[in-house]
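Report on the following structure.
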Amino acid sequence: MRTRPCWRALEALIILGFFYGIDAQNADNIQDGRNETISTITLTVSRTGGNQSSPLLYGAMFEEMDHSGDGGIHGQLLQNNGFQGFEPGITAYKPVGGVSIIQDDLTPVSNAIISSLQVAVPFGTTGYVGFANEGYAGVPVTAATYQTSFWVMGGYSGTVTIQLVDSINGTVFATQNITVESNPQHFTFYETSLESSPAEDGKNEWQLLFDGAQVGGSFLNFGLPQLFPPTYKNRTNGLRHDVATFLEASRPRFLRFPGGNNIEGLSIADRWIWNQTIGDVVDRPGRPGNWFYPNTDALGLDEYMWWCHDMNMTPVLAVWDGKSYGGIVSGPELQPYVDDIMNELEYLTGPPNSTWGSLRAKHGREAPWSIEYVEIGNEDDLTGGCDTYPDRFTQIYNAIHSKYPNITLIASHGNPECLPAALPPGVIIDLHYYRSDDDLVAMFNQYDNVPRNQPLMVGEWGCRNTSAERGQFWTYMRGTCAEAVYMIGMERNSDVVKMSAYAPLVQNFKFTQWSPTLFGVDSSPGSLTPSTSYFVQKMFASTLGEKIVPVTSSTGFGPCYWVASRTNSTFHIKMANYQGQNQTVDVVVPETKSGTLEMISGPEYAGNLPSDVLLRPEIHNISSPYGAYSIIIPPWGVAVLAVT
């Protein structure tokens, strides 16, 4: 995603003009159109002709940032449960009763989880004592069945009590007892489930309690506590059901993962290493991460693939290509990392009797996965990667293409100065744009005149406040309308624009680093909040026809924009009104009679705030015996007409 730690500077539009031939005069005319007198626009949709659209046009891009995985879409609710990253200390932990707690670096849980939580109990202690974990600014507690587990080492024989508790007033929402026979020489694993009643807010914690009288004058060590609510598709170590289901409703057709900047690493050693994100979580060391907090990698390669499988998304796998924020390797020194990419692809696609395919089968997936797209690196035109990317790209491309000729390779940027002189046929170029509202609208016709034999993807993009990179900003109707204009431009050219993904995808509202995002969540009940951009993404992705059909109009584009598509006898006409006045649009679709009109609009700078959904689309039935539909689109409104 964006550069880190200095944050990404906006790309110069001159690059766009150089590589894609933007018609600057036309772009100016589009902007000037907002000042013209408002009159009715007539659009006549053709029933024939047009180009095939890309079935993957609208997808999702994910990287671990804003606690989008840990504390977000991944189901595990306890923070700092593996003491991963740089000197995490006892973040999110607190003692319960008269005990003391420390991070114990001398007592590792495994070769990967290299420290544990030591709970020291004073002489003479009576009653139950222990520790709590406050999750990611609280633990979401609903009326549900939770799965929980932990590792323990020390001399203890008796009951351990697991509870979900209100951190303020001590109300207990769930409790479960486990009989434990703990060994002082090694860690033992325990797991159980507990039924919970709902909490009124998110200020809750997970507690583990034991009989202090048995341990007085000594200590116990605990490792890798976990707590899961119901998971999406009931997957072990899976996604939060509520968050994943919410994303699924927006109809993403692909998932680009695991980054974004987060694949690159603050140093070469801290890059995203695929084979350290697979298997049991107790064997995953995690890493510092690129966005100022540690990554547990509990959401790892296998989980990404099941996520794609369960949402019927095409995986777009990004591989590390030698560039980190702390160094770059190229030439012969890159070869071991190329070999590692090949091992990763064998793990995913190899038969179950292959070296790496057998490990995949051991981890629960015997049948090979299908990998159709692999992206080589991330934003290699930035942060020092430009000079070496042509050679690094070619070296990795040759290795993958020679063994997997049916995999489509993706270049990580569109700067011609940082690409091979001649890209191999079929390579997709990935473009990333974060722009202000007016700048996005000015890019509406960006793809109208590009070469039709050079496939493109817009792997990250969105409208944001480009005047203040840091800070917390929310989507607003003018910006969302600008996004719709840009999406209409992509959809009109979806014979060449193969994929696009609004980014970032999701955030935990309590841990914002980059905003806005498509939607967000925190520990509070009902906190799952769609942005206005989420609704437009959902509207557009749900109504993408198989063919983009011609439209005859009574005026040029701006300040109103449109595109039409069809699947069999159903037509979808998408429209955006990028201005502060109503726009009447008469849409003629011959031989149709009825359908629906879905529309979202609102004041220019209005949007949805955390746990406060102010704006959402409205859907109305619409009919006409003659296939002519008159629509009034409010200022900054986005509409989708679907008729049959």
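Numbering (mature numbering (1 follows the signal peptide of the UniProt record, and there is no 0)), first residue to last: -24 to -1, 1 to 620.
Just so you know, even glycine gets a beta-carbon here, dropped at the ideal spot from N, CA and C.
> Among S86, T508, S470 and I595, which one has its Cα closest to the Cα of residue 635?
Replying inline: A question about residue 635 goes unanswered here, because the residues of the chain that appear run from -24 up to 620.
> Quick one: complete alpha helix (DSSP H) runs, 4+ long, within the segment 219 to 251?
Replying inline: none
>> Could you compute how far the alpha carbon of T272 sits from the alpha carbon of F38?
In response: Here the question's residue 272 lines up with position 296 in the sequence shown. Here the question's residue 38 lines up with position 62 in the sequence shown. In a straight line, the C-alpha of T272 is about 15 Å away from that of F38.
> Just to confirm, are W490 and M41 a CB contact at a threshold of 9 Å?
Replying inline: Your numbering for residue 490 matches position 514 in the sequence shown. Your numbering for residue 41 matches position 65 in the sequence shown. Going by C-beta atoms, W490 is nearer than 9 Å to M41.
> If we count the other Cβ atoms within 10 Å of its Cβ and call it buried at 16 or more, is Q557 buried or exposed?
Replying inline: Taking the first residue of the sequence shown as position 1, residue 557 is located at position 581. Answer is exposed; the Cβ neighbour count stays below 16.
> For A460, which residues of its own chain have a beta-carbon under 6 Å away from its beta-carbon, when the five flanking residues on both sides are left out?
Replying inline: Residue 460 sits at position 484 when you count from the first residue of the sequence shown. Correct list, in chain order: V512, A552 and V614.
> So, A375 versus M318, is the Cβ gap smaller than 9 Å?
Replying inline: Taking the first residue of the sequence shown as 1, we reach residue 375 at position 399. Taking the first residue of the sequence shown as 1, we reach residue 318 at position 342. Yes, the pair counts as a contact, with Cβ atoms nearer than the cut-off.
>> List, from N- to C-terminal side, the beta strand (DSSP E) runs of 3 residues or more that fit wholly inside the segment 39 to 117.
In response: 69 to 72, 76 to 80, 92 to 97 and 104 to 109
>> Along the chain, where does the beta strand (DSSP E) containing A540 start, and where does it finish?
In response: Within the sequence shown, residue 540 is the residue found at index 564, counting from 1. Element bounds for A540: C536 to T543.
>> Can you tell me whether H285 is helix, strand or coil according to DSSP?
In response: Numbered from 1 along the sequence shown, position 309 holds the residue referred to as residue 285. Correct three-state label for H285: helix.
> To which residues of the same chain is A108 closer than 6 Å at the C-beta, ignoring the five residues directly before and after it?
Replying inline: Numbered from 1 along the sequence shown, position 132 holds the residue referred to as residue 108. Closer than 6 Å at the Cβ level, and outside the excluded window around A108, lie K70, V72, E181 and Q183.
> Between the beta-carbon of A517 and the beta-carbon of L33, is there less than 9 Å?
Replying inline: Sequence index remark: in the sequence shown, residue 517 carries index 541 (1-based). Sequence index remark: in the sequence shown, residue 33 carries index 57 (1-based). Going by C-beta atoms, A517 is nearer than 9 Å to L33.
> Per DSSP, what kind of secondary structure is G333 in: helix, strand or coil?
Replying inline: If you number the sequence shown from 1, residue 333 lands on position 357. If DSSP states are grouped into helix, strand and coil, G333 belongs with the helices.
> Taking DSSP as the reference, what is the three-state secondary structure of A418?
Replying inline: Position 442 of the sequence shown, counted from the first residue, corresponds to residue 418. Note: A418 maps to helix in three-state DSSP.
> What separation, rounded to the nearest whole angstrom, lies between the Cα atoms of K514 and T137?
Replying inline: What you label residue 514 is simply residue 538 of the sequence shown in a count that begins at 1. What you label residue 137 is simply residue 161 of the sequence shown in a count that begins at 1. If I take the Cα positions, the gap works out to 44 Å.
>> Using a 10 Å radius around the Cβ and a threshold of 16 neighbouring Cβ atoms, would you call Q555 buried or exposed?
In response: Here residue 555 is taken as the residue at index 579 of the sequence shown, counted from 1. Its Cβ being crowded by 16 or more others within 10 Å, Q555 is buried.
> Beta-carbon separation of S194 and G131 under 9 Å?
Replying inline: By 1-based counting over the sequence shown, the position of residue 194 is 218. By 1-based counting over the sequence shown, the position of residue 131 is 155. Their beta carbons are under 9 Å apart, which means S194 touches G131 by this criterion.
> Given S570, which residues of its chain have a CB within under 8 Å of its CB, disregarding the five upstream and five downstream residues?
Replying inline: For the purposes of this step, residue 570 is taken as the residue at position 594 of the sequence shown. N597, I598, S599, S600, V619 and T620.
> By a C-beta neighbour count over all protein chains shown, 10 Å radius and 16 as the cutoff for buried, is Q28 buried or exposed?
Replying inline: Against the sequence shown, residue 28 aligns to sequence position 52. That one is exposed.
> Considering Q190, what are the terminal residues of the alpha helix (DSSP H) in which it resides?
Replying inline: Counted from its first residue, the sequence shown places residue 190 at position 214. Here the alpha helix (DSSP H) through Q190 covers G188 to V191.
> Nearest chain B C-beta to K569 closer than 9 Å, yes or no?
Replying inline: This model lacks chain B altogether; it includes just one protein chain.
> How many Å lie between V21 and E320 at the Cα?
Replying inline: Mapped onto the sequence shown, residue 21 falls at position 45. Mapped onto the sequence shown, residue 320 falls at position 344. Approximately 47 Å between the Cα atoms of the pair.
>> Starting from R454, trace the alpha helix (DSSP H) in both directions and tell me its first and last residue.
In response: Taking the first residue of the sequence shown as position 1, residue 454 is located at position 478. Where R454 is concerned, the enclosing alpha helix (DSSP H) stretches over M453 to R468.
>> Please report the distance separating the alpha-carbon of Y510 from that of A36.
In response: Reading the sequence shown from its first residue, position 534 is the one you call residue 510. Reading the sequence shown from its first residue, position 60 is the one you call residue 36. So the two alpha carbons sit approximately 11 Å from each other.
> Given a threshold of 16 other Cβ atoms within 10 Å of its Cβ, counted over all protein chains shown, does P(-20) qualify as buried or as exposed?
Replying inline: As a first step, residue -20 must be located in the sequence shown, where it is residue number 5. Bear in mind that the predicted position of P(-20) carries a pLDDT of just 33, short of 50, making it too unreliable to give a figure here.
> For T508, which three-state DSSP category applies?
Replying inline: Taking the sequence shown and counting its residues from 1, one reaches residue 508 at position 532. Helix, per DSSP.
>> Cutting at 6 Å between CB atoms, please list the residues of its own chain near W250, excluding the five before and the five after it.
In response: The sequence position of residue 250 within the sequence shown is 274, counting from 1. Here the set comprises L277 and E320.
> Just checking my contact of G214 with G465 at CB under 8 Å: how many whole Å lie between their CB atoms?
Replying inline: If you number the sequence shown from 1, residue 214 lands on position 238. If you number the sequence shown from 1, residue 465 lands on position 489. Rounded, the Cβ-Cβ distance is 37 Å, inconsistent with contact.
> Would you report the Cα separation of V473 and A397, rounded to the nearest angstrom?
Replying inline: Here residue 473 corresponds to residue number 497 of the sequence shown, with the count starting at 1. Here residue 397 corresponds to residue number 421 of the sequence shown, with the count starting at 1. Distance between the alpha carbons of V473 and A397: 22 Å.
> Enumerated in chain order, which unbroken segments of the beta strand (DSSP E) with a length of 3 residues or greater are wholly contained in the segment 137 to 176?
Replying inline: 148 to 158 and 164 to 171
> Thinking just about the alpha-carbon of each residue, which of V403, E348 and N237 is nearest to the one in residue 651?
Replying inline: Only positions -24 to 620 of the chain appear in this structure, which leaves residue 651 out of reach.
>> On the CB-based measure, 16 or more other CB atoms within 10 Å of its CB, does residue 629 come out buried or exposed?
In response: The requested residue 629 does not occur in the structure, where the chain is confined to residues -24 to 620.
> Whose C-beta lies closer than 7 Å to the C-beta of A119 among residues of the same chain, with five residues either side of it excluded?
Replying inline: On the sequence shown, position 143 is the one that residue 119 refers to. So the list reads S172, S173 and P174, once near-sequence residues are dropped.
> So which of G438, G435, P400 and L140 has the shortest CA-CA distance to N429?
Replying inline: The sequence position of residue 429 within the sequence shown is 453, counting from 1. Out of G438, G435, P400 and L140, P400 has the C-alpha closest to the C-alpha of N429.
>> How far does the beta strand (DSSP E) with R411 in it extend, from its first residue to its last?
In response: The residue labelled residue 411 in the question sits at position 435 within the sequence shown. Here the beta strand (DSSP E) through R411 covers I404 to R411.
> Once you ignore the five residues that flank E467 on each side, which residues in its own chain have a CB closer than 6 Å to its CB?
Replying inline: For this step, residue 467 is matched to residue 491 along the sequence shown. For E467, where only same-chain residues beyond five positions count, the Cβ hits under 6 Å are V539.
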